[in-house]
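> Numbering (the working numbering), first residue to last: 1 to 322. Positions of the beta carbon are idealized from the N, C-alpha and C atoms, including for glycine. Since the structure is predicted, the reported quantities are computational estimates derived from the model, not experimental observations.
1. By Cβ distance below 7 Å, which residues in the same chain neighbour residue 107 in space, the five residues on each side in sequence not counted?
2. Rounding to the nearest angstrom, what Cα-Cα distance links residue 304 and residue 283 in this structure?
3. In three-state terms, what does DSSP make of residue 7?
4. Count the other CB atoms, across all protein chains shown, that sit within 10 Å of the CB of residue 147; report buried if there are 16 or more and exposed otherwise.
5. Would you please state the rounded distance, in angstroms, between the beta carbons of residue 273 and residue 142? I believe it to be under 8 Å.
6. DSSP puts residue 256 in a beta bridge; with which residues?
7. When the distance is taken between beta carbons, is residue 67 closer than 8 Å to residue 408?
8. With a CB to CB cut of under 6 Å and the five nearest residues on each side skipped, what residues in its chain are close to residue 140?
9. Is residue 38 buried or exposed, if buried means 16 or more other CB atoms sit within 10 Å of its CB?
10. Rounding to the nearest angstrom, what Cα-Cα distance links residue 86 and residue 297 in this structure?
11. Under three-state DSSP, which class holds residue 275?
12. What does the alpha-carbon distance come out to for the pair residue 152 and residue 205?
13. Quickly, what does DSSP pair residue 106 with across the bridge? List them, please.
14. Ordered along the chain, which non-local residues of its own chain (more than five positions away) have a Cβ less than 6 Å from that of residue 94?
15. Does the beta-carbon of residue 150 have 16 or more other beta-carbons within 10 angstroms, so that it is buried, or is it exposed?
16. Leaving aside the five residues before and after residue 195 along the sequence, list all residues of the same chain whose C-beta is less than 7 Å from its C-beta, in chain order.
17. What alpha helix (DSSP H) runs, 4 residues minimum, are completely inside the region 168-224?
18. Could you name the residues that DSSP lists as bridge partners for residue 70?
19. Does the beta-carbon distance from residue 72 to residue 96 come in below 8 Å?
20. Is the number of C-beta pairs between the region 96-105 and the region 258-271 that are closer than 8 Å three or more?
21. For residue 175, which residues from the same chain have a beta carbon less than 8 Å from its beta carbon, with the 5 sequence-adjacent residues on both sides left out?
22. Quick one: give me the first and last residue of the alpha helix (DSSP H) that residue 48 is part of.
23. Helix, strand or coil: how does DSSP classify residue 89 here?
24. Which one of 116, 221, 291 has the shortest CA to CA distance from residue 171?
25. For a test of the three-state rule: what should DSSP assign to residue 269, helix, strand or coil?
26. For a test of the three-state rule: what should DSSP assign to residue 304, helix, strand or coil?
27. Is the separation between the beta-carbon of residue 222 and that of residue 255 shorter than 8 Å?
28. Compare the C-alpha of residue 42 against each of 215, 277, 166, 134 and name the closest.
29. Go through its chain and collect everything with a Cβ distance to residue 203's Cβ below 7 Å, but skip five positions before and after it.
30. On the DSSP letters alone, give me the boundaries of the alpha helix (DSSP H) that residue 153 sits inside.
31. Hey, residue 104 and residue 217: beta-carbon distance below 8 Å or not?
32. In chain order, what residues of the same chain have a beta carbon less than 8 Å from the beta carbon of residue 60, not counting five sequence neighbours either side?
33. Given residue 251, which residues of its chain have a CB within under 6 Å of its CB, disregarding the five upstream and five downstream residues?
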């Protein structure tokens, strides 16, 4: 009995020590923790996951959403440019699907205002899935998907219902509880002193002016190349950014600021996938966005900070579900 009491007292002391170690949440920081996902219909999420992984949506049954947004590879394909149906090459790099729900818009040029709109875009893009909606719906109608849509939505599959299901799944793809989020919430031991130094440098250089919020980016548009043009000359049409959508001269070379939440896991970098490593990406961003030369030592510390940003990947490895 005495040993049991001693063990209980020791456990209580450990809990008290842990509570004492955690300080108050850090307020007024440019970065905030990943929020909890919004409530979703679990059946619709499961249907969306199945559709996300199913090449049935593509014209020849060879490409799925997960082909480019591989859930086992931090939501990317690891290629400079996405490869679609028949080996067709997209002119831009695949952004991660994780935390996409936190972005103000989707795609590098922000042409989709919602996850639903984004989910439908690749289906009919001739360089991605190359399908037409009537053909996709016909295939779904003659598959077990028809019963699933009837059960969940009370009707047959439609383009909008397909988009809604995939978007419901994508909204669950958040990466909460990163070491940095725990540090923001008051756990001083969650990140190393070097990572804390890197975060201080990240702010002092001005990186957090654009890479901010819960997604450490994704919440604004910015011109790529304030201090010179790192882009090819003459620029590829994909280099024109939002100009291709709006036709406004001021939108030339303007892109959605990418999230840095999974930056350490998602090379290559930039909209054109032209930079293979993070150190080079930081060096170029310092030069062209900030007009500053960032020393190698500071780059190393900033990467230590970026190492603390990935959290729990809430999806599984993307394999079939029973």
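By the coordinates alone:
1. 118
2. 15 Å
3. In this predicted model, residue 7 has a pLDDT of only 47, less than 50, meaning its place in the structure is not dependable; the value taken from the coordinates is given anyway. Residue 7 falls in the helix class under three-state DSSP.
4. exposed
5. Actually they do not touch by this definition, with Cβ atoms about 38 Å apart.
6. 221
7. The structure shown does not extend to residue 408, since the chain is modelled only from 1 to 322, so the question has no answer here.
8. 157
9. exposed
10. 44 Å
11. strand
12. 50 Å
13. 112
14. 68, 76, 77, 82
15. exposed
16. 304, 305, 307, 308
17. 179-184, 193-204
18. 76
19. no
20. yes
21. 34, 98, 99, 261, 262, 310, 311, 312, 313, 314
22. 42-53
23. strand
24. 116
25. strand
26. helix
27. yes
28. 166
29. 30
30. 145-153
31. no
32. 85, 86, 130
33. 242, 243
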